[in-house]
Amino acid sequence: MTRNYKLFSVLASQISLLLFLSVGCREKTATVGPPSEVSVINSQQVNVPIYQEYVGQTYGLADVDIRARVEGWVTGMYFKEGTKVNKGTLLYTIDDMQYKTRVDQAAGNVASAKTEVARAQSQLNRVRPLAEMNALSKMDLDNAQAEYNAAKARQQVAEAALQNSKIELGYAKVYAPIDGIIGISNVRVGDYVSRVNSNILSTISQTGTVRVRFQINETEFLKFMRSYKGDQAVRQDVTLILPDNSVFNEKGKIDFANRQIDPETGSITLEASFANQAGLLRPGLYVKVELLASNYPNAVVVPQRAVNQIQSLYQVFVVDKTNTLKVRIVEVGPRVGDMWIITKGLDPNERVALIGTAALSDNSKVTPIEAKWTPVVPGKGI
1 MTRNYKLFSV LASQISLLLF LSVGCREKTA TVGPPSEVSV INSQQVNVPI YQEYVGQTYG
61 LADVDIRARV EGWVTGMYFK EGTKVNKGTL LYTIDDMQYK TRVDQAAGNV ASAKTEVARA
121 QSQLNRVRPL AEMNALSKMD LDNAQAEYNA AKARQQVAEA ALQNSKIELG YAKVYAPIDG
181 IIGISNVRVG DYVSRVNSNI LSTISQTGTV RVRFQINETE FLKFMRSYKG DQAVRQDVTL
241 ILPDNSVFNE KGKIDFANRQ IDPETGSITL EASFANQAGL LRPGLYVKVE LLASNYPNAV
301 VVPQRAVNQI QSLYQVFVVD KTNTLKVRIV EVGPRVGDMW IITKGLDPNE RVALIGTAAL
361 SDNSKVTPIE AKWTPVVPGK GI
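261 is the number that the numbering used here gives to position 261 of the sequence shown; each next residue is one higher, with no gaps.
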């Protein structure tokens, strides 16, 4: 019995030793496992311009409403809608019968006034020598002179009325005041138009150059004025992005800013002009205007996913020469595209780990895997 007990004790001791050695080996294996693989990129230094987009609307260089200046029935329309017309082209005719009648009546009044002037002149010529010989009184001469002067004044009034009648008769024919593209006509032959209601017959737009109006808020306006030294802010190049997100092939210039900030919206209206010789743009388009808001020369940039934000702190993991992770607190600027501008705490060409969701910490050993990353620097229209 005693011998069996001793044998059992020896076996139990050996089993315990084997278990201890087995656990120790597993722990040692876990401790000395291979380092985690981590993608690594080099921080880069580039010039980063920051562009801002604003919604705007296009206008012709001149958008002239064609209005009726006399009233009457439209008797003719002499253009094709949506085509180019030249200055002086006949567009509409309005029934001019009543205006011709007024011209004839005014011409008759002028003729009558001239007759009265001639009679008064003849009377004055007879009275003057007689008054000089004292055959007639000074009063008779004054009356004759006054009659002549009144006749001359009536003639001038009649001639002015005739001229006005001729002008109104001329308004019965409506001509294009400028070169441009004429729009859809709001009236047709047989419609009645009146200058009282100020009918807009059609509109002509000059589109060789187009204007784009857009608004920016007062804070951005002050920033532009300070950054670009006053008037230079409203003379910089601008890019036009069309409704299909294509970039217009002509660069524009900001012509002016409105005289005041709109107190209701806190914004100010700016206007830019663009050459449009190909005629692609038409008035009324809703477009986007792209302006250079600021510039970061020689900025250090990394991918956005390389930056970890913890409340108000920003950090990156730098891989040193011994392939050890080092936490680096940095200061950041704006995010542009897939980049994040680092304003302080990181130098160009430092190896930065793309940690992602990997559970790694400061001073962790890693196996760096070089990743390719080329920062996409925004340009106009991007």
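In this text, a Cβ means the ideal position worked out from N, Cα and C, and glycines have one as well. Every value quoted in this text rests on a predicted model; they were computed, and no experiment measured them.
{"query": "Short Cβ contact (9 Å threshold) for residue 44 with residue 349", "result": "yes"}
{"query": "Exposure label - residue 374; buried when at least 16 CB within 10 Å", "result": "exposed"}
{"query": "The ligand SAH heavy atom lying under 8 Å from the CB of residue 47", "result": "Summarising the ligand content, the structure contains no ligands, and the ligand SAH is consequently not present."}
{"query": "Element boundaries [beta strand (DSSP E), containing residue 101]", "result": "No beta strand (DSSP E) contains residue 101, which is instead part of the alpha helix (DSSP H) from 97 to 132."}
{"query": "Beta bridge counterpart(s) of residue 60 as assigned by DSSP", "result": "210"}
{"query": "Residues of its chain near residue 26, where Cβ-Cβ distance is below 7 Å and the 5 sequence neighbours each way are ignored", "result": "Reliability of the predicted coordinates at residue 26 is poor, the pLDDT of 48 falling under 50, and the value obtained from them is presented with this limitation in mind. Hits under 7 Å: none found."}
{"query": "Identity of the residue in 351, 270 and 74 nearest residue 288 by Cα", "result": "270"}
{"query": "Test item: CB-CB of residue 182 and residue 91 under 9 Å", "result": "yes"}
{"query": "Local Cβ density within 10 Å of residue 188, reported as buried at 16 or more and exposed below that", "result": "exposed"}
{"query": "Closest by C-alpha distance to residue 111, when choosing among 303, 159 and 71", "result": "159"}
{"query": "C-alpha gap between residue 240 and residue 272, whole angstroms", "result": "10 Å"}
{"query": "Cross-strand partners of residue 77 (DSSP beta bridge)", "result": "92"}
{"query": "Simplified DSSP state of residue 27, which is helix, strand or coil", "result": "Low per-residue confidence applies at residue 27: pLDDT is 47, beneath 50, and the placement is therefore not dependable, though the value from the model is reported in the following sentence. Correct three-state label for residue 27: helix."}
{"query": "Cβ contact (3+ pairs, closer than 8 Å) linking the region 54 to 68 and the region 194 to 209", "result": "yes"}
{"query": "Meets three-Cβ-pair contact criterion under 8 Å: the region 359 to 372 and the region 307 to 327", "result": "yes"}
{"query": "Unbroken beta strand (DSSP E) run spanning residue 183, endpoints", "result": "Element bounds for residue 183: n/a, residue is neither H nor E."}
{"query": "Among 119, 138, 129 and 137, the one whose alpha carbon lies nearest that of residue 149", "result": "119"}
{"query": "Validate contact between the region 67 to 77 and the region 118 to 133 using beta carbons, cut 8 Å, 3 pairs", "result": "no"}
{"query": "The region 96 to 108 touching the region 155 to 170, judged by at least three CB pairs closer than 8 Å", "result": "yes"}
{"query": "Distance, residue 52 Cα to residue 265 Cα", "result": "19 Å"}
{"query": "Inter-residue CB distance, residue 172 and residue 115 (contact presumed, cutoff 8 Å)", "result": "Rounded, the Cβ-Cβ distance is 30 Å, inconsistent with contact."}
{"query": "CB-CB length for residue 384 against residue 202, believed under 8 Å", "result": "Nothing can be reported for residue 384, as the shown portion of the chain is limited to 1 through 382."}
{"query": "Cutoff 8 Å; reference residue 378; Cβ partners in own chain excluding five residues on either side", "result": "48, 49, 50, 51, 336 and 337"}
{"query": "Simplified DSSP assignment, three categories, for residue 362", "result": "coil"}
{"query": "With 16 other Cβ atoms within 10 Å as the buried cut-off, status of residue 304", "result": "exposed"}
{"query": "Residue 319 vs residue 371 beta-carbon contact at 9 Å", "result": "no"}
{"query": "Cβ-based burial, residue 39 [other Cβ within 10 Å; buried from 16]", "result": "buried"}
{"query": "For residue 306, the nearest candidate out of 355, 205 and 87 (CA to CA)", "result": "355"}
{"query": "Burial state of residue 312, where buried means 16 or more other Cβ atoms lie within 10 Å", "result": "exposed"}
{"query": "Reduced DSSP secondary structure (H/G/I, E/B, other) of residue 166", "result": "helix"}
{"query": "C-beta contact flag for residue 66 and residue 204 at 9 Å", "result": "yes"}
{"query": "Residue 244, buried or exposed, once every other Cβ within 10 Å from all chains shown has been counted against 16", "result": "exposed"}
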